[in-house]
Ligand SMILES: [Zn+2]
């Protein structure tokens, strides 16, 4: 199944019909209400696109990055290489060796990551930054963090600097400007909100197993998709953020935790085996003022709102004071 995010459906409808975004969203809400409970917002948006004769997916041939979606198979893309991540070996649970590496590429419509498995990682040695890469017969997946990525398999091909192919300026993906809110103003549906506050407490990080192949959570060295694996570890870290209106628990997953603490993955992993050494980190964090951009989640288990960090920065105190002055 091909999954197209709501924003992308709305953008396509806007593009092809000239309707405004509020108009399209109103139509979607109307359709949702009309089919009370039978379709999700995404589903309703698909129906609206269909009614307006907007084709959401172009099948076959060369695609632009903005037009590929998770679930598509045998896509062909051409882009400029923007980053290269060297291949790493990993051990599967059955003892056999696996290899995975990746690179990112972009065209004038966006950028995405290309994941190479096994012998496909050889291509990484031939790539240079700004080289043109032609990828064909590849699959598009969702990486579970809201980004689509290309996965290469045995049938996929990557040609480096193919004759006659050029790529224009790469469009740097930018997030839409986050909405600044106070903690008190946060509510359950908030996405891309920005909160500034002071860290008043924190908790010990929790480490958990992840599958080395798909990065999804693995339990007892078993991945739902890949079976028995030799797991890697990821972690989650919670702090209490107070902005004077109220406080909220902020959740940092591994890469956000790295940003918050300015530590590498390896450094974080040392706290797994030596948790006592984390005490210093916790006391250093107290009183730090940070800016967090993220989304609000209801933690069903504890029935409370939490802010899940997607970007974190040290707050600029002067800028904050100027704001309230
Ligand atoms: Zn897996």
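In the numbering used here, the protein residues as written are 1 to 325.
From the three backbone atoms N, C-alpha and C, an ideal C-beta is built for every residue, glycine too.
Just so we're clear, the structure is a prediction, and the values are computed from it rather than from any experiment.
Cα-Cα separation, residue i to residue j
i, j, result
"residue 84", "residue 56", "31 Å"
"residue 192", "residue 157", "36 Å"
"residue 59", "residue 28", "25 Å"
"residue 260", "residue 33", "42 Å"
"residue 293", "residue 198", "14 Å"
"residue 281", "residue 253", "16 Å"
"residue 127", "residue 13", "37 Å"
"residue 149", "residue 35", "33 Å"
"residue 134", "residue 97", "28 Å"
"residue 266", "residue 66", "34 Å"
heavy atom of ligand 1 below 6 Å from residue i C-beta
i, result
"residue 230", "no"
"residue 151", "no"
"residue 120", "no"
"residue 225", "yes"
"residue 116", "no"
"residue 211", "yes"
"residue 214", "yes"
Start-to-end residues for the beta strand (DSSP E) that takes in residue i
i, result
"residue 314", "304-314"
"residue 235", "232-242"
"residue 197", "193-202"
"residue 151", "148-151"
"residue 295", "289-299"
"residue 87", "75-91"
Same chain, Cβ closer than 7 Å to residue i, neighbours up to 5 away in sequence not counted
i, result
"residue 16", "54"
"residue 75", "63, 68, 138, 140"
"residue 101", "85, 86, 87, 88, 116, 121, 124"
"residue 52", "13, 17"
"residue 309", "250, 251, 252, 256, 292, 294"
Close beta carbons around residue i, own chain, < 6 Å, minus the five adjacent residues each side
i, result
"residue 291", "196, 313, 315"
"residue 104", "82, 83, 111, 113"
"residue 177", "none"
Own chain residues within Cβ distance below 8 Å of residue i, not counting five before or after
i, result
"residue 132", "78, 79, 80, 81, 160, 161, 162, 165, 166, 167"
"residue 278", "204, 205, 271"
"residue 129", "81, 82, 83, 84"
Host alpha helix (DSSP H) of residue i (start-end)
i, result
"residue 255", "254-261"
"residue 125", "123-126"
"residue 10", "6-17"
"residue 278", "278-285"
"residue 272", "265-273"
"residue 25", "21-34"
"residue 165", "Segment: none, residue 165 is in no alpha helix (DSSP H) and carries neither H nor E."
Contact with chain B by residue i, beta-carbon distance below 7 Å
i, result
"residue 236", "No chain B appears in this structure, which consists of one protein chain only."
Exercise for review: Examine the Cβ distances between the segment 286-304 and the segment 208-219 and report whether three or more of them are shorter than 8 Å.
Suggested key: no
Check your understanding: With contact counted as at least three CB pairs below 8 Å, one residue from each stretch, are the segment 304-313 and the segment 217-234 in contact?
Key -> no
Point to revise | Segment contact, 8 Å Cβ cut-off, at least three pairs: the segment 89-97 with the segment 215-228 | key: yes
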